[in-house]
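>
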Amino acid sequence: MIYSMTGYGKSVLQLPTKKVTIELKSLNSKNLDLNARMPSIYREKELAIRKVLADKLIRGKVDFSIYVEATAEDTSTQINTPVVKQYMEQLRQVVSGDEVELLKMAVRFPDALNTVREEIDQDEWQTIEDAIITAVNDLNDYRLNEGKVLEEDFNARITSIGNILEQVIAMDPERIEAVRERLLKGIEELREKYDENRFEQELVYYIEKFDITEEKVRLKNHLNYFTESINSTDSNGKKLGFISQEMGREINTIGSKSNYAPMQQLVVQMKDELEKIKEQLLNVL
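All the letters of the sequence shown, read from the start, carry residue numbers 0 to 284 under numbering that gives the first Met the number 0.
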């Protein structure tokens with residue numbers, strides 16, 4: 000079971016005096032890269048929020064937002080009445096005008112408005128915290144669904160590489176015989192007498208240098224290990240990345256040792272499938 004790092008989660012909360020919307024978006028990243036946006040009243044809770052998100056999301060470029068919309072008469076800003084009246088009195092001594100005009104000027108002066116710092120209501124915050132967990136779970140469900148799509152693609156490509164590898168294994172005796180005939184033809188074209196026993200010894204040595212038995216076995220083991228890791232209970236994109244690197248090493252070695260055009264064509268096909276796997280692995284948690 001694997002999870003994608005791409006996901007979206009949302010939770011909407013209606014409180015007595017406000018509507019709170021919590022949004023989470025995530026994309027792929029090597030580590031957890033968290034960007035949090037929230038009203039200043041909730042800033043003191045930012046570290047706690049980051050810890051929750053780090054524990055549950057693990058990895059990815061995550062955008063976390065809290066939006067607050069007032070739905071009732073609830074304001075933290077109040078008119079400083081004594082100061083405004085004093086400003087108006089002083090203005091009357093300078094200019095003449097009606098009360099409305101004087102009031103418009105007075106409220107623009109410093110300290111005409113008082114902003115009372117809001118305190119977090121703990122019961123309200125507990126409700127918001129529960130909504131954050133709901134949004135996180137929503138995002139993880141999204142990641143799981145995206146992961147199922149990736150898993151199907153991986154299984155198809157791993158199966159394709161395995162089928163091509165079987166063609167390589169079936170072609171290997173033909174390749175060895177072709178190498179032997181090519182060497183024998185080269186010797187005969189020299190029109191020189193040669194020791195057949197010595198030639199066979201040299202041929203065995205030469206063919207051993209191009210033997211790909213170990214690479215075929217290791218590649219098959221890596222394919223099986225990749226499939227087992229996909230089906231494990233945890234999602235580990237980094238582990239799958241390491242396995243794909245080992246697969247690439249074996250495929251490259253088979254290509255360099257093959258010395259046979261039909262087999263090299265099969266190697267190119269395996270490389271193409273593996274590159275597509277590597278591209279998709281960048282998005283696995």
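We treat Cβ as the ideally placed atom computed from N, Cα and C, and that holds for glycine. Here the structure is a predicted model, which is why all the values come from computation and not from measurement.
Assuming residue 61 and residue 102 make a contact with CB atoms under 8 Å, what is their CB distance in whole Å?
With 8 Å as the limit, residue 61 and residue 102 do not qualify as a contact, their Cβ atoms being about 48 Å apart.
> Should residue 279 be labelled buried (16 or more other beta-carbon atoms within 10 Å of its own) or exposed?
Buried is the call here.
> Short check: CB of residue 160 to CB of residue 272, under 7 Å?
In this structure, residue 272 lies closer than 7 Å to residue 160 by Cβ.
> Note the first and the last residue of the continuous alpha helix (DSSP H) segment covering residue 99.
Residue 99 -> alpha helix (DSSP H) spans 98-105.
> Can you find at least 3 beta carbon pairs, one from the stretch 13-26 and one from the stretch 123-141, that sit closer than 8 Å?
Yes, the stretch 13-26 touches the stretch 123-141.
> Would you call the stretch 76-94 and the stretch 171-185 touching, i.e. three or more CB-CB distances under 8 Å?
No: fewer than three Cβ pairs fall under 8 Å.
> How many Å lie between residue 181 and residue 259 at the Cα?
Answer to the nearest angstrom: the Cα atoms are 11 Å apart.
> Just verifying my parser: in three-state terms, what is the DSSP assignment at residue 66?
In this structure, residue 66 counts as strand in the three-state DSSP scheme.
> Determine whether the beta carbon atoms of residue 3 and residue 142 lie at a separation below 7 Å.
Their beta carbons are under 7 Å apart, which means residue 3 touches residue 142 by this criterion.
> At the level of alpha carbons, what is the spacing between residue 149 and residue 68?
Their Cα atoms are separated by approximately 38 Å.
> Quick one: using the 10 Å Cβ neighbour count with 16 as the cut-off for buried, is residue 153 buried or exposed?
Label assigned to residue 153: buried.
> Rounded to whole angstroms, what is the Cα-Cα separation between residue 108 and residue 86?
Roughly 8 Å between the two C-alpha positions.
> In the DSSP assignment, find the unbroken beta strand (DSSP E) run with residue 23 in it and report its ends.
Element bounds for residue 23: 17-26.
> Anyone know if the C-beta pair for residue 282 and residue 27 falls short of 7 Å?
For residue 282 and residue 27, yes; Cβs fall inside 7 Å.
> Using a Cβ-Cβ cutoff of less than 7 Å, which residues in the same chain neighbour residue 236 once the five nearest sequence positions on both sides are dropped?
So the list reads 280, 283 and 284, once near-sequence residues are dropped.
> Return the residue from the list 244, 151 and 203 that minimises the CA-CA distance to residue 229.
It is 151 whose Cα lies nearest to the Cα of residue 229.
> Between residue 238 and the rest of its own chain, which residues show a CB-CB distance below 8 Å, the 5 nearest in sequence each way excluded?
Within the same chain, residue 238 has close Cβ partners 228.
> I want to know whether the stretch 1-15 touches the stretch 33-50 - three or more CB-CB distances under 8 Å.
No, because fewer than three Cβ pairs between the stretch 1-15 and the stretch 33-50 fall closer than 8 Å, the two stretches do not touch.
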